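Visitor: Numbering (the numbering used here), first residue to last: 6 to 728. This is the structure I want to talk about, given as structure tokens.
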Amino acid sequence: MPQPTPPHPVPRTTGRKWRWLVAVTLLAALLRAWAVTGLPVDYDEPTYLGAGYDYAAAIRAGDWDAVIDYDQNREHPALPKLIYAGVVLALGDEASYDRVLAAGRAVSAAFGTLAALGLALLDPLAGGMLAAHTVAVKYTSQVYLEALPALASLAAVLALLRSRVPRDRWFWLSALLLGVTAAGKFTYLVVLFPIAYLVLWGRQWGGGTRRVLPGVGNLALYGLAAVLTFWVLDPALWHDPLGRLWGMLSFHTAYSQGARVEAAGLPWYQPFIWLSSSAPAAWHPNVFFYFGLDGLYFWLTLAGLRREWRQRRWLVVWLAAAVAVLLLWPTKWPQYTLIVAPAFCLAAAATVRDLRAWALENDHYWGWLRESTPRLGPAAWIVAGLIGAALLGSFALERIDVASGQRGWSHVAATETSLPGDTVYDLVQDASGRMIVGTDRGVAIWTPGAAPDQGGTWVVYRSGSSGLADDRVRAVLREPTGAGVLWCGTAGGLSRFDGAAWQTYRGRDLGLAADEITALALDGRGRLWVGTQVGAAVFDGETWQAFTAPIGPADDFISGIAAAGDTVWFGTRAGVSALDTRTGRWQTFTTANSGLASDNIGDVAVDAAGVLWVATLGGGLSAWDGAAWQTYLSSSSDLPLNTVQVVSEVQPGALWIGTNFGSVPGGLITVREGGVWQTYFPGKTGFTGGEPLAVAADGLGRVWIGTRGAGIDIFDRREQGAK
């Protein structure tokens, strides 16, 4: 095989380099600490926190079978979630949700900081680049699975580069770290490609050629040590290693073809967009106050590929293998690009040093930098001053415009009020003007104050202190008559509260096979309609009747229910179904038999004019007037995004639409009124940018927007002169 030429020199461990290491470590730690406190709760953080709580409860009880056979989120290895369980156990009685979230994020940030330090040991400039890499900062500062395997995979490569003879301590350390990588997240195993290259063909370093770790036998020993480490660190494999490993892998294949990935609609080349931009800087400008340079790393890497092929061929193997995986795998989430971020930083840093050396050499010989430096006269300085003043004036006007756009907005967060949790699944106003709020940590009832400027009072119910079936309250409803019975649809069943006592109905009581409730609605005859993940049911006050596909709704996953007159509408994952309650006749609308934009439904609502509005997850917003469908897309209307999570008419003629970005956290809120669209953007208005999950108006005429992880945004349009 052709031997690569000597590599680009790497700085020696000198006093100056140690100063660089300290600087990189501080930069990485400070940026991640800022992100830990400033990032909103991301899409999967509640899932991994929940797993941490479950594992901690099992460990505390000494129930190791429950740890080994834990059946939630089994598609991912257990190690990161066990670490979060350790956080819960370490906090003990202080393990509140907010504390565990903060501590879990801090653990991730520590791993991310160590990764930047590790890369800096090889190349200080590359370590600095990774320290400030916006995707790395974001996803190693959250309760995600990324931080540990990102560190372990990088360390596995670095340890192998330190190895000098076959099967020395660095060789075995690298193998153990690869096992840790597998026990963290499978996607990071892409480092197998550069590792296999190094083991089979050795590496070239320091101006000479050294066949450090030759032979297939060493690769087999290396792989065996990694597999054994993986098995030891992932308890889920202990009872049925092959069966459960196959279950993990097959889940990811099915997930890549599932509704969430389909709704995101990301193109095959999306990884190039993530790699060549600094998307988190746009999503979270309050956190990423600096100009993201991720895209610059990408172009610097491309410029240096030829050099790297001559000098560090293993690095090109890493780059090529990781990019190929990102392009071929159907799931295109931005955090996946972390599998290749260290390689990009290494190549980009080498290109920067090449450019610096070229510039210094040319300046020393030609003096072109000194000759090209302009010498400005008085007129030029005056013009420059005027331009600067104009820019400052423009900035001031923009700030004034932003301040104007923020009028009328306020925010409710769990850390500042009695709101039990910052993920708000449902909001509904009852007949007395009170707001009922279903969250991921219980249900709250807000009663407005005696005057508009008074904050009002909160009453909170949680499963531990009441008869509420589960703290994860997906849907809420208050009966308008009689005692005003409160219904709470939770992840553990349907709870009824009459003001004195709680009663819970499980799935079997409804005639269905599972407990988790997804939607609630009352029809004109006072009957309660309930949607679940396994069908629908109706309660007439005495008995339950269940409806399941294919005889009932189009699909058993009910995402929304709306009752209007004698018709009850059901949003499902396979279209919209309508039940005529007089005749018992079902009718289903799909993309195949009607003008419905998408079969994957997020929400349904009927407005005051009798028009059915259907929020689709990827197909925009569809409207049915009883005769024809009309669809609103971002490409053909002022709807900003095609993934619509919620639609609600909080005032006659004013349709509020909550959209999300699909593949990344956050979203936008849009109002359609009188054919005019208005979107409220974070940064330009007081809307925080959390993904909208629910919208309702309170007794004071203000609009409440429940979000995923960002609490409640409240907007009083009267303060902006709106009607």
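A virtual CB, placed ideally from N, CA and C, is assigned to each residue, including glycine. Just so we're clear, the structure is a prediction, and the values are computed from it rather than from any experiment.
What are the start and end residues of each continuous beta strand (DSSP E) run of 3 or more residues lying completely inside the segment 461-541, in chain order?
Guide: Those beta strand (DSSP E) runs which fall completely within the segment 461-541 and span 3+ residues are 462-466, 478-483, 491-495, 498-502, 507-510, 522-527 and 533-537.
Visitor: Any idea if ILE556 is buried or exposed, counting beta-carbon neighbours within 10 angstroms, 16 or more meaning buried?
Guide: The residue given as residue 556 occupies position 551 in the sequence shown. By the 10 Å Cβ count, ILE556 comes out exposed.
Visitor: At the level of alpha carbons, what is the spacing between TRP69 and ASP245?
Guide: Residue numbering aside, residue 69 sits at position 64 when the sequence shown is read from its first letter. Residue numbering aside, residue 245 sits at position 240 when the sequence shown is read from its first letter. If I take the Cα positions, the gap works out to 15 Å.
Visitor: Along the chain, where does the beta strand (DSSP E) that runs through LEU432 open and close?
Guide: For the purposes of this step, residue 432 is taken as residue 427 along the sequence shown, with counting starting at 1. Taken as a continuous stretch (DSSP letters only), the beta strand (DSSP E) holding LEU432 covers 429-434.
Visitor: Just verifying my parser: in three-state terms, what is the DSSP assignment at VAL655?
Guide: Here residue 655 corresponds to residue number 650 of the sequence shown, with the count starting at 1. VAL655: strand per DSSP, three-state reduction.
Visitor: Can you tell me the Cβ-Cβ gap for THR572 and ASP561, rounded? I've got them flagged as a contact below 8 Å.
Guide: In the sequence shown, counting from the first residue as 1, residue 572 sits at position 567. In the sequence shown, counting from the first residue as 1, residue 561 sits at position 556. That belief does not hold up - the Cβ atoms of THR572 and ASP561 are roughly 20 Å apart, past 8 Å.
Visitor: Under 8 Å Cβ to Cβ from VAL15, same chain only, skipping five residues before and after it: list those, please.
Guide: Taking the first residue of the sequence shown as position 1, residue 15 is located at position 10. Per-residue confidence for VAL15 stands at a pLDDT of 42, beneath the threshold of 50, marking its modelled position as unreliable; the derived number appears in the next sentence. The residues are LEU127 and ASP128.
Visitor: Spatial neighbours of LEU87 within its chain, please: C-beta separation below 7 Å, excluding the five flanking residues on both sides.
Guide: Counting from one through the sequence shown, the residue named residue 87 turns up at place 82. Once the five neighbours on either side are set aside, the close Cβ partners of LEU87 are TYR60.
Visitor: Looking at C-beta atoms only, is the number of pairs between the segment 85-101 and the segment 118-127 that lie closer than 8 Å three or more?
Guide: Cβ pair count under 8 Å is below three, so no.
Visitor: Please report the Cβ distance between ILE662 and VAL649, rounded to the nearest whole angstrom; I am assuming they are in contact, meaning their Cβ atoms lie under 8 Å.
Guide: Residue 662 sits at position 657 when you count from the first residue of the sequence shown. Residue 649 sits at position 644 when you count from the first residue of the sequence shown. Yes, ILE662 and VAL649 are in contact; Cβ-Cβ is about 6 Å, under 8 Å.
Visitor: With a CB to CB cut of under 6 Å and the five nearest residues on each side skipped, what residues in its chain are close to PRO240?
Guide: Start at 1 with the first residue of the sequence shown, and residue 240 comes out as number 235. Counting only Cβ-Cβ distances below 6 Å, and skipping sequence neighbours, we find VAL72, ILE73 and ALA83.
Visitor: So which of ALA95, ARG110, TYR102 and ASN78 has the shortest CA-CA distance to VAL41?
Guide: Here residue 41 refers to the residue found at position 36 when the sequence shown is read from its first residue. The option with the nearest alpha carbon to VAL41 is ARG110.
Visitor: Taking 7 Å as the cut-off, decide whether the C-beta atoms of ASP608 and VAL652 are in contact.
Guide: To locate residue 608, count along the sequence shown from 1; it is residue 603. To locate residue 652, count along the sequence shown from 1; it is residue 647. The answer is yes: Cβ separation under 7 Å.
Visitor: In whole angstroms, give me the CA-to-CA distance for ARG501 and ALA436.
Guide: For the purposes of this step, residue 501 is taken as residue 496 along the sequence shown, with counting starting at 1. For the purposes of this step, residue 436 is taken as residue 431 along the sequence shown, with counting starting at 1. Answer to the nearest angstrom: the Cα atoms are 18 Å apart.
Visitor: What residues are listed by DSSP as bridge partners for PRO697?
Guide: Position 692 of the sequence shown, counted from the first residue, corresponds to residue 697. Answer is THR712, bridged to PRO697.
Visitor: Check for me: the alpha helix (DSSP H) holding TRP279 runs from which residue to which?
Guide: Here residue 279 corresponds to residue number 274 of the sequence shown, with the count starting at 1. Per DSSP, TRP279 belongs to the alpha helix (DSSP H) from 275-280.
Visitor: Tell me the rounded alpha-carbon separation between PHE277 and GLU313.
Guide: The sequence position of residue 277 within the sequence shown is 272, counting from 1. The sequence position of residue 313 within the sequence shown is 308, counting from 1. If you take the alpha carbons of PHE277 and GLU313, they lie about 20 Å apart.
Visitor: Checking 7 Å against the spacing of the C-beta atoms, do VAL535 and ALA519 come in under that value?
Guide: For the purposes of this step, residue 535 is identified with residue 530 of the sequence shown, where counting begins at 1. For the purposes of this step, residue 519 is identified with residue 514 of the sequence shown, where counting begins at 1. No, they are not a contact pair.
Visitor: Can you tell me whether GLU366 is buried or exposed? The criterion is at least 16 other CB atoms within 10 Å of its CB, across all chains shown.
Guide: Taking the first residue of the sequence shown as position 1, residue 366 is located at position 361. Exposed, since its Cβ has fewer than 16 Cβ neighbours within 10 Å.
Visitor: Quick check on DSSP: helix, strand or coil for GLN340?
Guide: Translated into the one-based positions of the sequence shown, residue 340 becomes position 335. In the structure shown, GLN340 sits in a helix (DSSP, three-state: H, G or I).
Visitor: I need the DSSP call for VAL46, collapsed to helix, strand or coil.
Guide: For the purposes of this step, residue 46 is taken as the residue at position 41 of the sequence shown. DSSP places VAL46 in coil when its eight states are reduced to three.
Visitor: Among the residues of its own chain, which have a CB less than 6 Å from the CB of GLN592, if the five just before and after it don't count?
Guide: As a working mapping, residue 592 is identified with position 587 in the sequence shown. Excluding positions up to five away in sequence, the list reads ALA583.
Visitor: Who does GLN635 pair with in a DSSP beta bridge?
Guide: Position 630 of the sequence shown, counted from the first residue, corresponds to residue 635. Answer by DSSP bridge pairing, in chain order: ALA628.
Visitor: Per DSSP, TYR685 forms a beta bridge with which residues?
Guide: As a first step, residue 685 is located in the sequence shown; it is residue number 680 there, counting from the start. Bridge partners of TYR685: ILE674.
Visitor: Where does the unbroken alpha helix (DSSP H) through TRP117 begin, and where does it stop?
Guide: Residue mapping note: residue 117 aligns to position 112 of the sequence shown, counting from 1. Going by the sequence as given, residue 117 is Gly instead of Trp. 102-127 is the extent of the alpha helix (DSSP H) around GLY117.
Visitor: Run through DSSP, which three-state label would ILE200 get?
Guide: Here the question's residue 200 lines up with position 195 in the sequence shown. Of the three classes helix, strand and coil, the one that applies to ILE200 here is helix, per DSSP.
Visitor: Measuring CA to CA, which of ASP427, VAL429, SER423 and ARG467 is closest to THR452?
Guide: Walking along the sequence shown from the start, residue 452 turns up at place 447. When only C-alpha atoms are compared, the closest one is SER423.
Visitor: Does THR596 come out as helix, strand or coil in the three-state DSSP assignment?
Guide: Walking along the sequence shown from the start, residue 596 turns up at place 591. The answer is coil: DSSP assigns THR596 none of H, G, I, E or B.
Visitor: Under the rule that 16 or more other beta-carbon atoms within 10 Å means buried, what is PRO154, buried or exposed?
Guide: On the sequence shown, residue 154 is found 149 positions in, with the first residue counted as 1. Classification of PRO154: buried, given that the 10 Å Cβ count is 16 or more.
Visitor: Helix, strand or coil for ALA241, going by three-state DSSP, please let me know.
Guide: On the sequence shown, residue 241 is found 236 positions in, with the first residue counted as 1. Here ALA241 sits in helix by DSSP.
Visitor: Since THR139 is in the beta strand (DSSP E), which residue starts that stretch and which ends it?
Guide: Position 134 of the sequence shown, counted from the first residue, corresponds to residue 139. Unbroken run through THR139 is the alpha helix (DSSP H), 139-144; no beta strand (DSSP E).
Visitor: Using only the alpha-carbon positions, how far apart do ALA699 and LEU626 sit?
Guide: Sequence index remark: in the sequence shown, residue 699 carries index 694 (1-based). Sequence index remark: in the sequence shown, residue 626 carries index 621 (1-based). Each residue's alpha carbon lies about 16 Å from the other.
Visitor: Assign ALA230 to one of three DSSP states: helix, strand, or coil.
Guide: Mapped onto the sequence shown, residue 230 falls at position 225. ALA230: helix per DSSP, three-state reduction.
Visitor: State the DSSP-derived secondary structure class of VAL616, mapped to helix, strand or coil.
Guide: If you number the sequence shown from 1, residue 616 lands on position 611. VAL616: coil per DSSP, three-state reduction.
Visitor: Kindly indicate which three-state DSSP category VAL669 falls into: helix, strand or coil?
Guide: Translated into the one-based positions of the sequence shown, residue 669 becomes position 664. In the structure shown, VAL669 sits in coil (DSSP, three-state: anything other than H, G, I, E or B).
Visitor: Going by CA-CA distance only, name the one from SER179, PRO199 and SER281 that's closest to ALA231.
Guide: Here residue 231 refers to the residue found at position 226 of the sequence shown. Nearest of SER179, PRO199 and SER281 to ALA231, Cα basis: SER179.
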